[in-house]
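A.B. asks:
2 protein chains.
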Amino acid sequence: MLSSVEENYLKYIFQLSEYSVNGVVKTNDLAYKLEYSAASVTDMLKKLADKKLVSYKKYYGVSLTKSGQQIAVHVLRKHRLWETFLVKKLKFTWDKIHDIAEQLEHIQSDELIDKMDEYLGYPKFDPHGDPIPNKNGTISVPNVICLADAKLKKTYLLANVNDDSAAFLKYLNKIQLQLGDKLRILEKEEFDETIRIAVNEKQQYVISREAALNMFVKESK
Amino acid sequence: MLSSVEENYLKYIFQLSEYSVNGVVKTNDLAYKLEYSAASVTDMLKKLADKKLVSYKKYYGVSLTKSGQQIAVHVLRKHRLWETFLVKKLKFTWDKIHDIAEQLEHIQSDELIDKMDEYLGYPKFDPHGDPIPNKNGTISVPNVICLADAKLKKTYLLANVNDDSAAFLKYLNKIQLQLGDKLRILEKEEFDETIRIAVNEKQQYVISREAALNMFVKESK
DNA sequence: TAATTTTTTTAGCTTTGACTAAATTTTATT
DNA sequence: AATAAAATTTAGTCAAAGCTAAAAAAATTA
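Protein sequence lines correspond, in order, to chains R and E. According to numbering that gives the first Met the number 0, the stretch in the first sequence is residues 0 to 220, in order. According to numbering that gives the first Met the number 0, the stretch in the second sequence is residues 0 to 220, in order.
1) With a CB to CB cut of under 6 Å and the five nearest residues on each side skipped, what residues in its chain are close to Glu82/R?
2) Between the alpha carbons of Glu189/R and Pro132/E, how many angstroms are there, rounded?
3) Got a sec? Which residues, its chain only, sit under 8 Å from Ser206/R by beta carbon, not counting five neighbours each side?
4) Whose C-beta lies closer than 8 Å to the C-beta of Ala30/R among residues of the same chain, with five residues either side of it excluded?
5) At 3 residues or longer, and completely inside the segment 31-108 of chain R: list those beta strand (DSSP E) runs for me, N to C.
6) Assuming contact is defined by CB atoms lying nearer than 9 Å, are Lys123/R and Tyr155/R in contact in what I supplied?
7) For the segment 103-118 of chain E, enumerate the residues whose C-beta is nearer than 9 Å to any C-beta of chain R, in chain order.
8) Would you say Leu89/E reaches chain R, if we count a Cβ-Cβ gap shorter than 9 Å as a contact?
9) For Tyr121/E, is the classification buried or exposed, using 16 other Cβ atoms within 10 angstroms of its Cβ as the cut-off for buried?
10) Quick one: what's got a C-beta closer than 6 Å to Lys265/R's C-beta in the same chain, skipping five residues either side?
11) Thinking C-alpha only, which one of Val23/R, Arg183/R, Lys87/R, Val198/R is nearest Tyr118/R?
12) Any idea what DSSP makes of Lys220/E, helix, strand or coil?
13) For a contact meaning CB atoms closer than 9 Å, what does Ile99/E contact in chain R?
14) Using CA coordinates, which residue listed in Lys25/R, Leu44/R, Leu52/R is at the minimum distance from Met0/R?
15) Please report the straight-line C-alpha distance between Asp113/E and Leu171/R, rounded to a whole angstrom.
16) Going by C-alpha to C-alpha distance, which of Ala166/R, Leu168/R, Lys217/R, Asn161/R sits closest to Pro130/R?
17) What is the residue span of the beta strand (DSSP E) that Ala158/E lies within?
18) Answer with yes or no whether the minimum CB distance from Lys169/E to chain R is below 9 Å.
19) Is the separation between the beta-carbon of Leu75/E and that of Glu104/E shorter than 9 Å?
20) By alpha-carbon positions, which one of Lys57/E, Asp116/E, Ser16/E, Val143/E ends up nearest to Ala71/E?
21) Is it buried or exposed for Asn21/E, if we count other Cβ within 10 angstroms and need 16 for buried?
22) Determine, using beta carbons only, whether Leu85/R comes closer than 9 Å to chain E.
23) Considering only the beta carbon of each residue, do Val198/R and Leu176/R sit closer than 9 Å?
24) Sort Glu110/E, His73/E, Lys90/E by Cα distance to Leu89/R and report the nearest one.
25) Ala197/R bridges to which residues according to DSSP?
26) Distance, Cα to Cα, Leu212/R vs Met115/E?
27) Considering just the uninterrupted stretch of the beta strand (DSSP E) at Val4/E, what are its terminal residues?
28) DSSP state of Ile144/E, grouped into three classes?
29) Starting from the C-beta of Phe84/R, find all residues in its chain whose C-beta is less than 7 Å away, skip the five residues before and the five after it, and write them out in chain order.
30) Going by the CB atoms, is the gap between Leu47/R and Val61/R shorter than 9 Å?
31) Applying the criterion that 16 or more other CB atoms from any shown protein chain within 10 Å of the CB defines a buried residue, is Asn7/R buried or exposed?
32) Give the single residue among Val216/E, Val4/E, Ser19/E whose Cα lies nearest to the Cα of Glu34/E.
33) Note down the Cα distance separating Gly67/R from Ser108/E, rounded to an integer number of angstroms.
34) So is Lys134/R in contact with chain E if we call contact Cβ pairs under 9 Å?
35) Just the C-alpha distance for Lys134/E and Lys65/E, rounded to the nearest angstrom, thanks.
Structure, rendered in structure tokens:
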């Protein structure tokens with residue numbers, strides 16, 4: 000069984016490798032992310048390589064092995080399920096949950112996380128809009144993007160909402176927004192990250208970042 | 000901020016001190032409980048004494064200071080709230096929750112535990128029938144005992160039930176048991192820990208240990 | 001290409017919190 | 001009271017996981 004520290008290394012290697020060439024992560028980048036010295040990171044990478052969780056080549060970089068990736072994805076699954084729990088059940092605001100989930104993700108119990116998944120109704124996205132890997136480690140990467148990431152002037156269809164609270168549903172109702180509706184991005188305000196949209200080429204609304212994070216859209220052809 | 004290891008020491012000192020004279024706990028007893036060597040325990044006790052969390056006298060024993068006790072009770076509160084959550088919300092059986100709660104009790108976030116308390120409806124007892132300290136650290140020690148601990152031949156009044164699941168309430172209904180009813184303990188079966196009771200000097204029922212753990216009684220005068 | 005800068009690794013140190021073996025203190029027994 | 005046994009502490013070791021400073025390799029620039 001791995002320590003939480005080892006789990007953390009794997010998780011961050013995974014996250015950095017998503018934006019790197021060939022999944023190879025540089026020692027310094029990882030050190031920066033973890034806020035450790037590069038020397039400490041080098042040490043740990045050698046240990047993880049001994050355990051066959053990463054392949055590490057001196058002065059070149061590190062990438063996850065199959066088993067290393069499985070563990071990383073499992074940690075990510077735990078992290079995102081806990082975040083979902085904190086927001087959906089305990090009514091935390093989405094900006095306060097990261098540090099707590101950072102601790103909770105290292106609790107060791109498969110039964111716990113599976114029951115939590117069921118309790119939450121097998122959510123596909125966490126409160127930040129990130130996909131939650133399922134029990135087998137597959138991450139649904141549908142061709143939808145979070146409305147918060149939508150491009151200016153483009154038109155999208157509302158594909159998914161990630162909040163079933165009464166308040167949110169009421170809000171959607173109020174602005175007459177339904178799954179399948181056409182959304183055109185008219186303006187993105189840098190200051191408070193609100194988004195002005197036109198719904199079905201008719202009414203215009205200003206959408207807060209909180210709301211946008213719960214809405215997922217696909218490109219309209 | 001204390002490490003989980005330190006928190007654990009304080010928790011176990013507290014628990015052992017409840018059954019000791021003057022709250023003084025012996026090094027060896029603590030070592031046995033923690034499954035560590037006595038030498039390791041001595042080491043840690045010196046460190047905890049430096050931090051004014053315990054008073055420790057060589058060859059004599061250790062007891063908690065005021066601040067040490069506050070922390071111990073807070074850890075106990077977390078442990079018991081998490082156990083309650085696991086049983087009430089995630090439908091764990093009461094015998095599987097200890098090891099998970101042992102990990103969860105060290106998550107650091109007051110906001111989390113207070114929201115959890117609220118979410119659970121401020122329960123007073125955990126699934127094992129142990130009292131849950133409140134936010135201020137006061138442990139309600141009502142003059143009730145768990146039915147599972149009731150003495151043979153004695154008569155009690157049902158004072159409290161610690162399970163509001165539909166199934167349990169339906170069960171209580173079925174055996175026509177209500178708060179305030181008189182329960183006489185007719186027989187305690189060693190083999191499976193079931194208890195045979197007479198309700199209001201009339202019907203007799205065999206109560207399973209699971210059920211008895213959720214029922215709290217006070218002595219009938 | 002040679003020199004310089006940046007990145008990465010090596011070497012050696014620190015703390016936490018375990019361990020065993022030996023020494024000491026306390027308790028129990030003759 | 002003297003001795004034996006049990007409990008506890010001291011001393012020294014180890015692994016995990018961090019650190020800094022110095023050395024080495026790679027990348028960049030002159």
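Quick reminder that beta carbons are idealized off the backbone N, C-alpha and C, glycines included.
C.D. replies: Well, looking at it:
1) For the purposes of this step, residue 82/R is taken as the residue at position 83 of the first sequence. Closer than 6 Å at Cβ, skipping near neighbours: Ile96, Ala100, Asp125, Pro126.
2) If you number the first sequence from 1, residue 189/R lands on position 190. If you number the second sequence from 1, residue 132/E lands on position 133. Straight-line spacing of the CA atoms in Glu189/R and Pro132/E works out to 47 Å.
3) Counting from one through the first sequence, the residue named residue 206/R turns up at place 207. As written in the sequence, residue 206/R is Ile, which differs from the Ser given in the question. Cβ neighbours of Ile206/R beyond the five flanking positions: Leu146, Thr193, Ile194, Arg195, Ile196, Met214.
4) As a working mapping, residue 30/R is identified with position 31 in the first sequence. Excluding positions up to five away in sequence, the list reads Ser36, Ala37, Ser39, Val40.
5) For the segment 31-108 of chain R, whole beta strand (DSSP E) runs of length 3 or above, ordered along the chain, are 53-56, 60-63.
6) Reading the first sequence from its first residue, position 124 is the one you call residue 123/R. Reading the first sequence from its first residue, position 156 is the one you call residue 155/R. Taking 9 Å as the Cβ cut-off, Lys123/R and Tyr155/R do not qualify as a contacting pair.
7) Per Cβ criterion, the list reads Leu103, His105, Ile106, Gln107, Ser108, Glu110, Leu111, Lys114, Met115, Glu117, Tyr118.
8) Taking the first residue of the second sequence as 1, we reach residue 89/E at position 90. With 9 Å as the cut-off, Leu89/E counts as an interface residue toward chain R.
9) Along the second sequence, one-based indexing puts residue 121/E at 122. Looking at its Cβ environment, which holds fewer than 16 other Cβ atoms inside 10 Å, Tyr121/E is exposed.
10) Nothing in the structure corresponds to residue 265/R, since chain R is present only between 0 and 220.
11) Locating residue 118/R in the first sequence gives position 119, where the first residue counts as 1. Lys87/R is the residue among Val23/R, Arg183/R, Lys87/R, Val198/R whose C-alpha sits nearest the C-alpha of Tyr118/R.
12) Position 221 of the second sequence holds residue 220/E. It is coil, neither helix nor strand.
13) On the second sequence, position 100 is the one that residue 99/E refers to. Those within 9 Å of Ile99/E in chain R are Ile106, Gln107, Ser108, Glu110, Leu111.
14) For this step, residue 0/R is matched to residue 1 along the first sequence. Of the residues Lys25/R, Leu44/R, Leu52/R, the one whose Cα lies closest to the Cα of Met0/R is Leu52/R.
15) Here the question's residue 113/E lines up with position 114 in the second sequence. Here the question's residue 171/R lines up with position 172 in the first sequence. Answer to the nearest angstrom: the Cα atoms are 31 Å apart.
16) Indexing the first sequence from 1 puts residue 130/R at position 131. Checked all of Ala166/R, Leu168/R, Lys217/R, Asn161/R; the closest Cα to Pro130/R is Asn161/R.
17) Counting from 1 along the second sequence, the entry for residue 158/E is found at position 159. Looking at the DSSP string, the run of the beta strand (DSSP E) that includes Ala158/E is 154-160.
18) Reading the second sequence from its first residue, position 170 is the one you call residue 169/E. Interface with chain R (9 Å Cβ-Cβ cutoff): Lys169/E is excluded.
19) Position 76 of the second sequence, counted from the start, is the residue given in the question as residue 75/E. Position 105 of the second sequence, counted from the start, is the residue given in the question as residue 104/E. Yes, they are a contact pair.
20) Taking the second sequence and counting its residues from 1, the one referred to as residue 71/E is at position 72. Considering only alpha carbons, the answer is Ser16/E.
21) Taking the second sequence and counting its residues from 1, one reaches residue 21/E at position 22. With fewer than 16 Cβ atoms within 10 Å of its Cβ, Asn21/E is classed as exposed.
22) Counted from its first residue, the first sequence places residue 85/R at position 86. Yes, its Cβ sits closer than 9 Å to a Cβ of chain E.
23) As a working note, residue 198/R is residue 199 in the first sequence. As a working note, residue 176/R is residue 177 in the first sequence. Yes, these two residues count as a Cβ contact at 9 Å.
24) Here the question's residue 89/R lines up with position 90 in the first sequence. Among Glu110/E, His73/E, Lys90/E, the Cα nearest to that of Leu89/R belongs to Glu110/E.
25) To locate residue 197/R, count along the first sequence from 1; it is residue 198. Ala197/R is bridged to Arg183/R, Gln203/R.
26) In the first sequence, residue 212/R corresponds to position 213, counting from 1. In the second sequence, residue 115/E corresponds to position 116, counting from 1. About 25 Å.
27) In the second sequence, residue 4/E corresponds to position 5, counting from 1. Careful: Val4/E lies outside any beta strand (DSSP E), inside the alpha helix (DSSP H) at 3-16.
28) On the second sequence, residue 144/E is found 145 positions in, with the first residue counted as 1. Three-state result, Ile144/E: strand.
29) Residue mapping note: residue 84/R aligns to position 85 of the first sequence, counting from 1. Met115, Leu119.
30) Along the first sequence, read from residue 1 onward, the residue named residue 61/R stands at position 62. Along the first sequence, read from residue 1 onward, the residue named residue 47/R stands at position 48. Taking 9 Å as the Cβ cut-off, Val61/R and Leu47/R qualify as a contacting pair.
31) Within the first sequence, residue 7/R is the residue found at index 8, counting from 1. It is buried - the Cβ of Asn7/R has at least 16 other Cβ atoms within 10 Å.
32) As a working note, residue 34/E is residue 35 in the second sequence. Cα-wise, what sits closest to Glu34/E is Val4/E.
33) As a working mapping, residue 67/R is identified with position 68 in the first sequence. As a working mapping, residue 108/E is identified with position 109 in the second sequence. Straight-line Cα distance between these residues: approximately 30 Å.
34) In the first sequence, residue 134/R corresponds to position 135, counting from 1. No, because no Cβ of chain E sits closer than 9 Å to the Cβ of Lys134/R.
35) The residue labelled residue 134/E in the question sits at position 135 within the second sequence. The residue labelled residue 65/E in the question sits at position 66 within the second sequence. When rounded, the distance between both Cα atoms is 16 Å.
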